[in-house]
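Mapped onto my numbering, the consecutive letters of the sequence shown carry residue numbers 6 to 725. One structure is given here, and the rest of the page talks about it.
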Amino acid sequence: MSLIRLALLSLLLLVSACSSEQNDPYPKSERGQNILYSAFTDRPKHLDPVQSYSEDEITFTAQIYEPPLQYDYLKRPYTLIPATSEAVPVARYYDAQGRELPADAPTADIATSVYEIRIRPGIRYQPHPAFATDATGQPLYGDLDAEKLRGIEQIADFAETGSRELVADDYIYQIKRLAHPRLHSPIFSMMGERIVGLRELGTTLHEAARELPAGAWLDLDRFPLAGVSRVDRYTYRIELRGKYPQFPYWLAMPFFAPVPREVDRFYSMPGMAEKNLTLDWYPVGTGPFMLTRNDPNSRMVLERNPNFHGETYPCVGEPGDEAAGLLADCGKPLPFIDKAVFAREKEAIPYWNKFLQGYYDASGISSDSFDQAVRLGGSGDVQLTDEMRQKGIRLLTSVKPSVFYMGFNMLDPVVGGMTPAAIKLRQALSIAIDQEEFISIFMNGRGIAATSPLPPGIFGYLEGQAGSNPVVYDWVDGRARRKPIEVARKLLAEAGWPNGRHAVSGEPLVLSLDTTSGGMGDKSRLDWLTRQFAKLDVQLVVRSTDFNRFQEKIRKGAVQLYYLGWNADYPDPENFLFLLAGSEGKVAVAGENASNYVNPEFDRLFEKMKNMESDGPRGAERLAIIRQAIAILQHDAPWIFGFHPKSYTLGHDWLHNRKSTDVGNNTLKYQRIDVGRRERLRREWNEPVLWPLLAVVVLLVAVILPAAIGYRRRERGTAR
C-alpha cells in the first residue's frame, strides 16, 4: 500500500503549503508591523530635487525633502502653510530706485519683489554618512576614491553616519544648484528670468565648469548669487525681478528644498557616480521619511526619519471632513506609520489581485478591473460594487488638475509654423482625434475632454458653451459635439494635403510621433491613435524610446509630434499657460514650452495676466484676458488638447486619513494603518480552500487503490 501512503503524504505537503502565511508576499518579519504597502508602475528617473519634475518621482521626493512651505492637507481651496519656515512669507515691493512701495502698488512700478524666509531652529537632517565627522570635526568620508570605495555598494554600507541642524545656507545652496551647468534643472530658464542674478550665475558656473576636469566638484559657495542672500543663521532673502505673486507656490516644491554643501561634496567624490551613490539615487532630507532601499525595478522603501522635527495632524478642514473621520487624529504627532514599502507592478491584474487580498493598502482602478470595482448609478454617479462594499473598501474620486496633450513642434517644416496652411493642418488633426472615444475605451470614462490647457478647478476654466473649443466642437442641443470628420478632411485639403497626399507632388503625408516606451496598454493605445490619423488618410509612425532619449529629442527640437502631460505645480492658470509662452521655448531657452510655440499676441496677454491675482477687484479682468489667450490657442492649435483625468482610488477601511489631494504631495505622513484589523482580514481573505485538494486525493485513491489491489493479487498468484 505504499502508493496510498505516498498519496496521503502528498496531501499533507500540499495542505501545509497552502496556509495563508505561505500566500503572504512579504517577509515573516514584517507581519504585524506598522507598514504601509503600495505599488508603483513607472520607475523614478530622478530623486535629486534640482531635476525631479514628474509624478512618479514626487511620490518619493515629497516625503523626504522639506521646502519651506507646504499645502494644508485638509483645507480647500488649497492653502499654503509653513513646513520648515516660521510663516508664509509676504512680498515687499521696491521701485527702480530701491524705494519700498505699498502692497497695492501698480505692477508697472514694481522693479523687484523681496521674500524673506525664516527657518525654525532645531530641525535636523536624517542620518547620513555625509555628516559623519571625526574627533576634530572633519568629514569622516572627505577623501574617498575608487579604491577606498571597494566593498561599498550602497549607502547602508558606510559604517558611520551623522546629522546636523538645518540652516538658511542649505536653501541658498540648492537655489544655486538650479544654475548648475551639469544638472539641467527644468526650471532654470524660468527662474533665471525671475531670481535676480540666477541667469548670470548660470553663465559664470558654465565657464567655471569648463576649466575643471570632467566630473570634478563645483563648489557653489565660491560663487555669489546677487538675488539670494543670508540674513542670519536661520533667515535668507530672495529678490525677484518685478512682481510674481505665484512665487510662494514654488516654495512648496522640492526644487526649493535644502541641499547641504557637504552632501553635494560627498556625492561628487571620485567613484561615487559609478556605483549610483548620488543624490539622484539616495536623497538626503529633513522630512518625516528617508529612502532606505532604492531598487526601482523591484522595491522602494521609505522608513521613518529618526531625526524628524515633529508635526501634528491638522484640526481644521472643510465641511464634511469631520463626518468622514478626517479630524479624528487632530493634534496627534506625525507621521503615523513607521515604514512604507512600494513594490513595482508592471501588470495591472497582479496589482489588483494583491489589493483584493489585502496585500496593498490602496489601489487605483485599471480598465480591466473597472466593472468589478465600480458601477454607475441611475443618476450617473459612481458607486462601489457590492463586492467592494462587503470588503469595507472606500472610494475617493476627483478631477485631477492635469492636462494630457499631443504637441506639435512648431519648428517643424510640415506641422509647425504660423501659416494658414499649417494652422489648418493642425486644426484638422485636432478634430480627427476623438478624445471622447479614447476616454470611453481606455479610461472607462474617467476623464474630461480638454478644450484648453486649463483643467477644472483652476481659475479661468469655464463650463458649458463658454468653455468649449469652437474649432473642434459644435454646440448642439446644449452640449458640445465634435465636428464631423468631413470638416477635418476639408481643412486638410485647404492645407494642401487632399486625401492625405500633397496637392502638387502627390506624396503621402507621413507624420512621426515620439513617445516613451513601456507601460500597461501602450500598444493598444498607439494602434488606436494610428487609426485616428488614418481617418484622414494620414500615416502615423510611432517612434518609442526611453525617457532620457525622449527628453533629449524634445530639448533639441528633433521631434514632429510628441505626447506629454502636465500636473499642476500650483493652483493658478499661469502654471498651465506658461507651457505655451514664447519666453519658455524649449529649444531657444530650455524652457517648458516643448512645442516652441510663439504668438506675440498670446505672449502679450500672458505677460499681462500672470502677475494678476484671481481674487479681489481685478479677478474679472484677469478672467477676460485668460479667455482671449485661450481663444488664440484654440485657433493656432499648437496642441491637440487631450483630456483631464478623473482620479478613482480605492482604500481598505484599515487605512485612515485619506483625502484626494492633487497639488500637495507630502501626504504619506498623514496616513494611519489599523494594523490589527489588517492582519485579521488578511488571514480571513487568504485562508486556503482545501476541498479541491481533498477531491483530487479521493479521485487518486479511487483510481490507484483498485489498481494496487489487482497488482498485489497478480503478484501473489504468480508466486504460488
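Cβ atoms here follow ideal geometry from the backbone N, Cα and C, with glycine treated the same way.
Discussion item. Assuming Ala-454 and Glu-441 are in contact, meaning their beta carbons sit under 8 Å apart, how far apart are those beta carbons, in whole angstroms?
Written reply: 5 Å
Worksheet item: Looking at C-beta atoms only, is the number of pairs between the segment 153–172 and the segment 189–198 that lie closer than 8 Å three or more?
Response: no
Discussion item. Using only the alpha-carbon positions, how far apart do Thr-138 and Asp-269 sit?
Written reply: 16 Å
Worksheet item: Among residues of its own chain, excluding the 5 on either side of Tyr-239, which ones have a beta-carbon nearer than 8 Å to its beta-carbon?
Response: These residues qualify, in order along the chain: Arg-123, Ile-124, Arg-125, Pro-126, Val-172, Ala-173.
Item to complete: Take Asn-312 and list the residues in its own chain whose beta-carbon comes closer than 8 Å to its own, dropping the five residues that flank it on each side.
Response: Arg-129, Tyr-130, Gln-131, Pro-132, Ser-168, Thr-291
Worksheet entry | Residues of its chain near Pro-94, where Cβ-Cβ distance is below 7 Å and the 5 sequence neighbours each way are ignored | Tyr-120, Glu-121, Ile-122, Pro-253
Worksheet item: Going along the chain, which residues of its own chain have a beta-carbon closer than 7 Å to the beta-carbon of Lys-558, five neighbours each way excluded?
Response: Asp-519, Val-564
Fill in: Complete runs of the alpha helix (DSSP H) confined to the segment 623–690 [at least 4 residues]
624–641, 680–690
Worksheet item: In this structure, does DSSP put Asn-449 in helix, strand or coil?
Response: coil
Worksheet entry | For Gln-470, the nearest candidate out of Val-481, Pro-461, Pro-460 (CA to CA) | Val-481
Worksheet item: If you follow the beta strand (DSSP E) that Trp-571 is part of, which residue opens it and which one closes it?
Response: 566–572 is the span of the beta strand (DSSP E), which, as asked, contains Trp-571.
Worksheet item: Does DSSP put Gly-472 in a helix, a strand or coil?
Response: helix
Practice prompt. Please work out which residues of its chain come closer than 8 Å, Cβ to Cβ, to Ile-160, disregarding the five sequence neighbours upstream and downstream, and give them in chain order.
Written response: His-133, Pro-134, Leu-282, Tyr-287
Worksheet item: Beta carbon of Pro-425: closer than 6 Å to some heavy atom of the ligand SAH?
Response: By its list of ligands, the structure shown contains no ligand whatsoever, and the ligand SAH lies outside what it can speak to.
Fill in: Coil, strand or helix - Leu-541 by DSSP
coil
Fill in: Proximity below 7 Å, CB of Gly-669 to CB of Tyr-76
yes
Worksheet item: How far does the alpha helix (DSSP H) with Arg-270 in it reach, from first residue to last?
Response: 266–272
Item to complete: To the nearest angstrom, report how far apart Ala-164 and Glu-279 are at their CA atoms.
Response: Distance between the alpha carbons of Ala-164 and Glu-279: 20 Å.
Practice prompt. Go ahead and label His-211 buried or exposed: buried means 16 or more other beta carbons lie within 10 angstroms of its beta carbon, across all protein chains shown.
Written response: exposed
Worksheet item: Using 8 Å as the threshold, is the segment 620–639 in touch with the segment 387–394, meaning 3 or more CB pairs across them?
Response: no
Worksheet item: With distances taken from CA atoms, which of Ala-378, Asp-100, Met-258, Asp-366 is nearest Leu-2?
Response: Residue coverage of the chain in this structure runs from 6 to 725, which leaves residue 2 outside it and unanswerable.
Worksheet entry | Ala-634 vs Gln-537 beta-carbon contact at 7 Å | Taking 7 Å as the cut-off, the Cβ atoms of Ala-634 and Gln-537 do not count as close.
Practice prompt. Buried or exposed for Lys-33, please, with buried defined as at least 16 other CB atoms from any protein chain shown within 10 angstroms of its CB.
Written response: exposed
Worksheet entry | Residue environment, Tyr-31, which counts as buried when at least 16 other CB atoms sit within 10 Å | exposed
Item to complete: Report yes or no: do three or more beta-carbon pairs, one from the segment 646–663 and one from the segment 355–370, lie closer than 8 Å?
Response: yes
Worksheet item: Under a Cβ-count criterion, where at least 16 other Cβ atoms within 10 Å of its own Cβ denotes burial, should Gly-421 be classed as buried or exposed?
Response: Its Cβ being crowded by 16 or more others within 10 Å, Gly-421 is buried.
Discussion item. Between the segment 403–412 and the segment 638–650, can you find at least three pairs of beta-carbon atoms closer than 8 Å?
Written reply: Contact between the segment 638–650 and the segment 403–412 is established, with three or more Cβ pairs separated by less than 8 Å.
Worksheet item: So, are the CB atoms of Ala-88 and Leu-74 less than 7 Å apart?
Response: yes
Practice prompt. Assign Lys-488 to buried or exposed, taking buried as 16 or more other Cβ atoms, counted over all protein chains shown, within 10 Å of its Cβ.
Written response: buried
Fill in: Own chain residues within Cβ distance below 7 Å of Leu-203, not counting five before or after
So the list reads Leu-183, Ala-184, Met-196, Gly-197, Leu-230, Gly-232, once near-sequence residues are dropped.
Practice prompt. Go to Glu-491, then tell me how far its alpha helix (DSSP H) extends in each direction, as first and last residue.
Written response: 490–499
Worksheet item: Could you give the distance in angstroms between the alpha-carbon of Pro-340 and the alpha-carbon of Val-477?
Response: As the crow flies, the alpha-carbon of Pro-340 is around 48 Å from that of Val-477.
Worksheet item: Going along the chain, which residues of its own chain have a beta-carbon closer than 6 Å to the beta-carbon of Val-289, five neighbours each way excluded?
Response: His-133, Val-268
Worksheet entry | Where Ile-115 sits in the DSSP three-state scheme | coil
Worksheet item: What are the start and end residues of each continuous beta strand (DSSP E) run of 3 or more residues lying completely inside the segment 209–250, in chain order?
Response: 233–237, 240–246
Item to complete: Would you decide whether Leu-430 is buried or exposed? Buried here means 16 or more other CB atoms lie within 10 Å of its CB.
Response: Buried is the call here.
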